[in-house]
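Q: Following this message is one structure expressed as structure tokens.
In my numbering, the protein residues as written are 9 to 355.
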């Protein structure tokens, strides 16, 4: 398939395969984020126009269509202003690049700029859940079932590390270090910044049980820790799959625990971990380092996120009745659209 016949996809390929990674030298995380946002936007346009992906051209990209896309993100995907603005920033950046390459497209870019960023809701409320809700969610998977065993360990590691879901999905078994005084995880954060985060002894035991069942080796630095098999190949689990896992068990937990929020996302595990640590008296600078924040001011939001934090700080030490301690251990063919995505770097 000759992408050059469609100017949009020709520029899309150049942008994702050359400009961003080679000229801008963006991180793998940033490149993945741009690819996902543009993929989502182009796919949305194709679905709205009821046509194949390759039939989408610059004529379909108008200020109106971008506005409708943002509304769709809010109404159909329950996205907040921060996520919508991130998607819009990516679209703007790509269209600005296109305008710099083609004079006729630059005129269109000026009209696309009229789409405003969404205003964030006022206030310092951080979406998180209580430890009671965490316990209810972690009770839902049945570790006797292989996939649910994986799901349980994924959520435990997500919470215990306070990591972004992309950081957890990017892990390999060798990134969890056990032969030390205290086990820890090596995370690769934004801007390719590496940091180490301690994990609880019980999380270590869950890890050992998990890799044994899934046939992984502690020293394996190439196989994704969390994977899905595609045509016999172990591929890194997607963000969408991670979101489905969390949503599935949170929905089940909601039927038995009113503390579980109506909508739970992987990132809420990170917020919840930070807030729970703060309530237990862990200093904000340490939480900032734990979360991989480059600026302490980013972490200060947790100090004002909930009036409950004004109470006396709890014991820093993790108690034996913490939800993570209560989890039982186990005894030991492609479409044309897919072709287009691969050809232009969307996949």
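Here a beta-carbon is modelled for each residue, glycine too, at the ideal position from N, C-alpha and C.
With a cut-off of 8 Å, do at least 3 Cβ pairs link the region 271 to 282 to the region 133 to 143?
A: yes
Q: Quick check on the burial criterion: 16 or more other C-beta atoms within 10 angstroms. Buried or exposed for residue 125?
A: exposed
Q: May I ask you to verify whether the region 105 to 113 touches the region 244 to 255, counting CB pairs closer than 8 Å and requiring at least 3?
A: no
Q: Using 9 Å as the threshold, is the C-beta distance between residue 20 and residue 69 below it?
A: no
Q: Between residue 322 and residue 267, what straight-line distance do the alpha-carbon atoms span, to the nearest angstrom?
A: Because residue 322 sits at a pLDDT of 32, beneath the cut-off of 50, its placement in the model cannot be relied upon, and the following sentence gives the value as read from the coordinates. Roughly 20 Å separates the two Cα atoms.
Q: Pull up the distance between the alpha-carbon of residue 92 and that of residue 227, whole angstroms please.
A: 39 Å
Q: At 4 residues or longer, and completely inside the region 20 to 61: list those alpha helix (DSSP H) runs for me, N to C.
A: 36 to 57
Q: Rank 80, 56, 225, 101 by C-alpha distance to the C-alpha of residue 43 and give the top, closest one.
A: Out of 80, 56, 225, 101, 101 has the C-alpha closest to the C-alpha of residue 43.
Q: Given this structure, state the Cα-to-Cα distance separating residue 170 from residue 146, to the nearest angstrom.
A: 16 Å
Q: Tell me where the alpha helix (DSSP H) around residue 253 begins and ends.
A: 247 to 262
Q: Can you give me the C-alpha to C-alpha distance between residue 82 and residue 76, rounded to a whole angstrom?
A: 10 Å
Q: Could you check the C-alpha separation between residue 35 and residue 87 for me, to the nearest Å?
A: 24 Å
Q: Kindly indicate the opening and closing residues of the alpha helix (DSSP H) around residue 179.
A: That residue, residue 179, is in no alpha helix (DSSP H); it is neither H nor E in DSSP.
Q: Is the CB-CB distance between residue 254 and residue 163 below 9 Å?
A: yes
Q: Which residues in the same chain as residue 140 place their Cβ atom closer than 6 Å to its Cβ, once the five residues preceding and following it in sequence are excluded?
A: 267
Q: Distance, Cα to Cα, residue 299 vs residue 198?
A: 11 Å
Q: Residue 297 to residue 66, Cα distance in whole Å?
A: 44 Å
Q: Can you tell me where the alpha helix (DSSP H) with residue 126 in it begins and where it stops?
A: Run containing residue 126: none; DSSP gives neither H nor E here.
Q: Assign residue 261 to one of two classes, buried (16 or more other C-beta atoms within 10 Å of its C-beta) or exposed (fewer than that).
A: buried
Q: Where does the unbroken beta strand (DSSP E) through residue 268 begin, and where does it stop?
A: First-last for residue 268: undefined, no H or E at that position.
Q: Helix, strand or coil, according to DSSP, for residue 204 in the structure here?
A: strand
Q: Which residues mark the beginning and the end of the alpha helix (DSSP H) in which residue 236 is found?
A: Segment 235 to 238 is the beta strand (DSSP E) holding residue 236; no alpha helix (DSSP H) there.
Q: Apart from the five residues on each side of it in sequence, which residues of its chain come closer than 7 Å, Cβ to Cβ, to residue 207?
A: The residues are 168, 169, 191, 192, 193.
Q: Counting only the same chain and skipping the five closest in sequence on each side, list residues whose C-beta sits under 8 Å from that of residue 32.
A: none
Q: Please list the terminal residues of the continuous beta strand (DSSP E) segment that includes residue 193.
A: Run containing residue 193: 192 to 196, per the beta strand (DSSP E) assignment.
Q: Assuming residue 231 and residue 221 are in contact, meaning their beta carbons sit under 8 Å apart, how far apart are those beta carbons, in whole angstroms?
A: Their Cβ separation, rounded to whole angstroms, is 14 Å, which puts residue 231 and residue 221 out of contact at 8 Å.
Q: What is the C-beta distance between residue 54 and residue 123, in whole angstroms, given that I count them as a contact (C-beta under 8 Å)?
A: That pair is no contact at about 20 Å.
Q: Would the beta-carbon of residue 99 fall within 9 Å of that of residue 45?
A: yes
Q: Can you list, in chain order, the residues of its chain with a C-beta nearer than 6 Å to that of residue 52? Leave out the 5 residues immediately preceding and following it.
A: 77
Q: In whole angstroms, what is the alpha-carbon distance linking residue 64 and residue 16?
A: 8 Å
Q: Can you tell which of 217, 57, 290 has the C-alpha that lies nearest to the C-alpha of residue 73?
A: 57
Q: For residue 290, which three-state DSSP category applies?
A: coil
Q: Name the DSSP beta bridge partners of residue 244, please?
A: 235
Q: For residue 84, which of 110, 62, 48 has the nearest alpha-carbon?
A: 48
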